[in-house]
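To get this note's numbering, take the position in the sequence shown, counting from 1, and add 3. Ideal placement from N, C-alpha and C gives every residue a C-beta, glycine not left out. Since the structure is predicted, the reported quantities are computational estimates derived from the model, not experimental observations.
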Amino acid sequence: MEDDAILLHGGAGSDNSYSERLEKYAKSVDMKSGALDACVDAVRILEDDPDFNAGTGSVKRLDGSTQMDAAVMVAEGFGSVIGIERVKNPVDVARLVMEKTPHLILEGDGAISFARKMGFPEYDPSTEKTQRMWKKTVEYLQGIGESIPERYAKYRKYADMFDIPLSTDTVGAVARIGGKFAGAVSTGGASPMMRGRVGDVPLPGCGIFVGEMGAVVATGVGEAIIRRMLCHNIYLQIGKESLVEIIKREIDEFGDVHVGVIAIAKDEHASYSNTSMATGFHIF
Ligand code: GLY
């Protein structure tokens, strides 16, 4: 069995030069309280870093709002929030959904009011960069002379949209500590997107899956990841061949649609993306 370890990613499309920063973040995480704490701590750090599309620095919806998705998972439980707004750390709210409610998923107003009850204050995750990016996106879409939703509907294949700003996507962590696995993910979504759009991150089996055999989290175009139930699909193959071979084969199925995965199992860990993806690994 490999040692206790954590593996992070900064999103499909994130600059590989951020890997050094991610390694530092991975090293800074306290592993003493177990895999879930380690993953949530790591994702919280990434949410607080405005260079990543999660928490502070989350990309905006076409209407200018910031709606965020986050999830946590261990072999025994799952919690997620969909379209949460005006909180600093969606990953912490997702964890409390798992630990303090009888539910698995809270969305929208319900997620926000739960967060307030749990003591999360009002917080605006926008930055100058996300404001600029939103304006540029809207100007581009308006400039082509059609209503934004109609135009957007035609562009569900994000690879066709390289002439307008694209987000660098989700952040995520997987860890194996004391033989137990955990995963955590958080995102502002894959811009450009309508208000209310839901990606892979808060859906178990799609953007995250964790069980007794390992932990898998994904990043990239949520619509494509959901269709393939990517993380559950990869999880079911753990042990049949090497993790890197499994992930590579699954990601190759996406063609030119940007997708990345990190995963950890009993004796191995792996990361692979069909675009740039910053990663950080640390053995405790
Ligand atoms: N992978 C993030 C999203 O599509 O929302």
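Buried or exposed: residue i, going by 16 or more other Cβ atoms within 10 Å of its Cβ?
i	result
residue 56	buried
residue 253	buried
residue 19	exposed
residue 223	buried
residue 71	buried
residue 245	exposed
residue 131	exposed
residue 106	exposed
residue 126	exposed
residue 275	buried
residue 140	buried
residue 255	exposed
residue 8	buried
residue 69	buried
residue 215	exposed
residue 133	buried
residue 50	buried
Tell me the residue span of the alpha helix (DSSP H) that contains residue i.
i	result
residue 31	22 to 31
residue 117	111 to 120
residue 235	233 to 239
residue 101	93 to 103
residue 251	246 to 255
residue 270	No alpha helix (DSSP H) holds residue 270; DSSP gives it neither H nor E.
Using a Cβ-Cβ cutoff of less than 6 Å, which residues in the same chain neighbour residue i once the five nearest sequence positions on both sides are dropped?
i	result
residue 288	Past the boundaries of the shown model lies residue 288; the chain is included only from 4 to 287, so the question cannot be answered.
residue 83	74, 97, 108 and 205
residue 93	71, 73, 84, 87 and 189
residue 201	85
residue 30	285
Would you mind giving the Cβ-Cβ distance between residue i and residue j, rounded to the nearest angstrom? I have them listed as a contact below 8 Å.
i	j	result
residue 64	residue 196	6 Å
residue 297	residue 179	This structure cannot speak to residue 297, because the chain is shown only from 4 to 287.
residue 3	residue 58	This structure cannot settle anything about residue 3, because the visible part of the chain is limited to 4 through 287.
residue 217	residue 268	4 Å
residue 16	residue 172	6 Å
residue 62	residue 191	4 Å
residue 137	residue 67	6 Å
Residues in its own chain within less than 8 Å of residue i by CB, not counting five upstream and five downstream?
i	result
residue 159	Model confidence at residue 159 stands at a pLDDT of 48, short of 50, so the residue's coordinates are unreliable; what they give is reported in the following sentence. Answer for residue 159: 226, listed in chain order.
residue 115	87, 88, 89 and 90
Looking only at its own chain, which residues have a Cβ that is under 7 Å from the Cβ of residue i, when we skip the five neighbours before and after it?
i	result
residue 229	203, 206 and 209
residue 22	281, 282 and 283
residue 237	219, 249, 250, 253, 264 and 266
So the beta strand (DSSP E) residue i belongs to, where does it begin and stop?
i	result
residue 72	71 to 77
residue 49	First-last for residue 49: 38 to 51, but that is the alpha helix (DSSP H), not the beta strand (DSSP E).
residue 200	Element bounds for residue 200: n/a, residue is neither H nor E.
residue 179	174 to 180
residue 184	183 to 190
residue 15	8 to 15
residue 1	Shown here, the chain extends from 4 to 287; a query on residue 1 therefore has no answer.
residue 218	217 to 223
- prompt: Contact between the stretch 109 to 122 and the stretch 34 to 53: three or more CB pairs below 8 Å?
  reply: no
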